[in-house]
Amino acid sequence: MHGAKGGRTPVVFEPNMYTHALYRLQLDRDLRRAIALIAKSNNEAQEFELYYQPIICLKTSEIRGFEALIRWNHPTRGLVSPAEFIPVAEESRLIIAIGQWVLRTACQQLRIWQRQFQRSLTMSVNLSGIQLEQANLVAQIEGVLGEIWIAPNTLKLEITESTIMRNTESVPTLLDQIKQNKVLLAIDDFGTGYSSLSYLHRFPIDTLKIDRSFVSRMSSDGENLEIVRLIVTLAHTLGMDVTAEGVENPEQITLLKNLGCEYGQGYFFAKPLDKKAATALLEKKFGNSKI
Ligand code: C2E
Ligand code: MG
Ligand code: MG
Ligand code: MG
804 MHGAKGGRTP VVFEPNMYTH ALYRLQLDRD LRRAIALIAK SNNEAQEFEL YYQPIICLKT
864 SEIRGFEALI RWNHPTRGLV SPAEFIPVAE ESRLIIAIGQ WVLRTACQQL RIWQRQFQRS
924 LTMSVNLSGI QLEQANLVAQ IEGVLGEIWI APNTLKLEIT ESTIMRNTES VPTLLDQIKQ
984 NKVLLAIDDF GTGYSSLSYL HRFPIDTLKI DRSFVSRMSS DGENLEIVRL IVTLAHTLGM
1044 DVTAEGVENP EQITLLKNLG CEYGQGYFFA KPLDKKAATA LLEKKFGNSK I
């Protein structure tokens, strides 16, 4: 290892660097094994699992749809959070295979729920920046839509603001192509990615998701309330609707409603739920209708 100046400065190799590198290697190896399991369509053996967090219409309090959030049930480490393994999967590009599985699985579940409850629920799926770099991403999306019969405008793809702003050259064309398939698009974690406002209007975005950090500080802090108000106004001016992330208490709901924010998502409504619990919630809300 060399210092930044190229060769002269020795870098002390600390034990924790070793542990960290080893940990990453193991994680990478285990991710490959977990991905290999996907192909063996034996449901019991799967280590990846999708959880679903409801997104609520603030006006009617009804469930509008869900965001699919991946979980990894590691055989020895237990539950590994996406914040931990997604960066590793991005570095090795394994996120491409994982992302394909997430997209297909989330769409299959959406179709099941739409038919079972006879509602035009939406499903939001997170896309990594690495997935956006694949030349065949649009073809993949079209493939899934061709295979799984859902209305394209009930699928919503979430891309973080920082990913969009890192790729301002290539992203507009890509988003236009996705949009031509009538799939919905959302900017995730808005407010943390240093958007250039002059770029924002170029993207065919349907929904802006206000980052949890603004929502959580909103009630106690007058300044944050003004930031959220500004974001909502900006979104509406650009023809987008707004989802607030990380809604944890009823005061926040009142404030968000008054600001004209359309949707909310957060622990106050529900944590991300496994398939069974999410189905039970839908049954409770919409009745156990035709299958
Ligand atoms: P995100 O897309 O911004 O997802 C929202 C995160 O906030 C989720 O964390 C969710 O559990 C959490 N959250 C929701 N409501 C609340 C709340 O009221 N309070 C608090 N404290 N947290 C709340 P999670 O599931 O751990 O996911 C973290 C991130 O990992 C996601 O952030 C997303 O960037 C990434 N991720 C998750 N699943 C996928 C996936 O399938 N593909 C990709 N590329 N990324 C994913
Ligand atoms: Mg998201
Ligand atoms: Mg987010
Ligand atoms: Mg986030």
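When we follow the UniProt record's numbering, the leftmost residue of the sequence shown carries the number 804, and every step to the right adds one. In this text, a Cβ means the ideal position worked out from N, Cα and C, and glycines have one as well. Bear in mind the structure is a predicted one, so any value in this text is a computation, not a measurement.
For residue i, which three-state DSSP category applies?
{"i": "PRO1007", "result": "coil"}
{"i": "residue 754", "result": "As displayed, the chain neither begins before 804 nor continues past 1094, which places residue 754 out of reach and without an answer."}
{"i": "ARG867", "result": "strand"}
{"i": "LYS1079", "result": "helix"}
{"i": "ASP833", "result": "helix"}
{"i": "ILE883", "result": "Checking the sequence, you will find Val at residue 883 rather than Ile. Of the three classes helix, strand and coil, the one that applies to VAL883 here is strand, per DSSP."}
{"i": "GLY1042", "result": "coil"}
{"i": "LYS1088", "result": "helix"}
{"i": "CYS860", "result": "strand"}
{"i": "GLU817", "result": "coil"}
{"i": "ASN846", "result": "helix"}
CB of residue i to nearest heavy atom of ligand 1: below 6 Å?
{"i": "ILE826", "result": "The residue you asked about is not Ile; residue 826 is Tyr in the sequence shown. Flag unset: Cβ of TYR826 not near ligand 1."}
{"i": "GLY996", "result": "no"}
{"i": "residue 768", "result": "With the chain represented from 804 up to 1094, any question about residue 768 goes unanswered, as that position is not in the structure."}
{"i": "ASN846", "result": "no"}
{"i": "SER1016", "result": "no"}
{"i": "ALA1080", "result": "no"}
{"i": "ALA1073", "result": "no"}
{"i": "ALA837", "result": "no"}
{"i": "ALA938", "result": "no"}
Measuring from the CB of residue i, is there a heavy atom of ligand 3 at a distance below 6 Å?
{"i": "GLU1048", "result": "yes"}
{"i": "ASP991", "result": "yes"}
Please determine whether the Cβ atom of residue i lies at a distance below 6 Å from any heavy atom of ligand 2.
{"i": "ASN929", "result": "yes"}
{"i": "GLU945", "result": "no"}
{"i": "GLU893", "result": "no"}
Quick one: is residue i buried, meaning 16 or more other Cβ sit within 10 Å of its Cβ, or exposed?
{"i": "MET820", "result": "exposed"}
{"i": "TYR1066", "result": "buried"}
{"i": "GLU972", "result": "exposed"}
{"i": "ASP1077", "result": "exposed"}
{"i": "GLU1086", "result": "exposed"}
{"i": "THR1040", "result": "exposed"}
{"i": "THR1057", "result": "exposed"}
{"i": "LYS808", "result": "The predicted model places LYS808 with a pLDDT of 46, which falls under 50 and marks its position as unreliable; any figure quoted below should be read in that light. Counting Cβ neighbours within 10 Å, LYS808 comes out exposed, since fewer than 16 surround it."}
{"i": "ALA1083", "result": "exposed"}
{"i": "GLY1090", "result": "exposed"}
Can you find the residues in the same chain that come closer than 7 Å, C-beta to C-beta, to residue i, ignoring five residues on each side of it along the sequence?
{"i": "ALA1081", "result": "TYR855, PHE869"}
{"i": "ASN876", "result": "GLU850, GLU852, LEU882"}
{"i": "LEU930", "result": "GLY902, LEU960, GLU961, ILE962"}
{"i": "GLU1051", "result": "SER1019, GLY1069, TYR1070, PHE1071"}
Excluding the five sequence neighbours on either side, which residues of its own chain have a C-beta within less than 8 Å of the C-beta of residue i, listed in chain order?
{"i": "residue 759", "result": "Residue 759 lies beyond the range of the chain shown here (804 to 1094); nothing can be said about it."}
Should the stretch 876-893 be called in touch with the stretch 943-952, which here means at least 3 C-beta pairs below 8 Å? no
Using 8 Å as the cut-off, can you tell me whether the stretch 841-857 makes contact with the stretch 893-910, which would need three or more C-beta pairs spanning the two stretches below that distance? yes
Taking one C-beta from the stretch 1013-1029 and one from the stretch 987-1001 each time, how about it: are there three or more such pairs within less than 8 Å? Contact between the stretch 1013-1029 and the stretch 987-1001 is present: three or more C-beta pairs spanning the two stretches fall below 8 Å.
Under 8 Å, with one C-beta from each stretch per pair, do the stretch 856-868 and the stretch 883-899 reach the 3-pair mark? no
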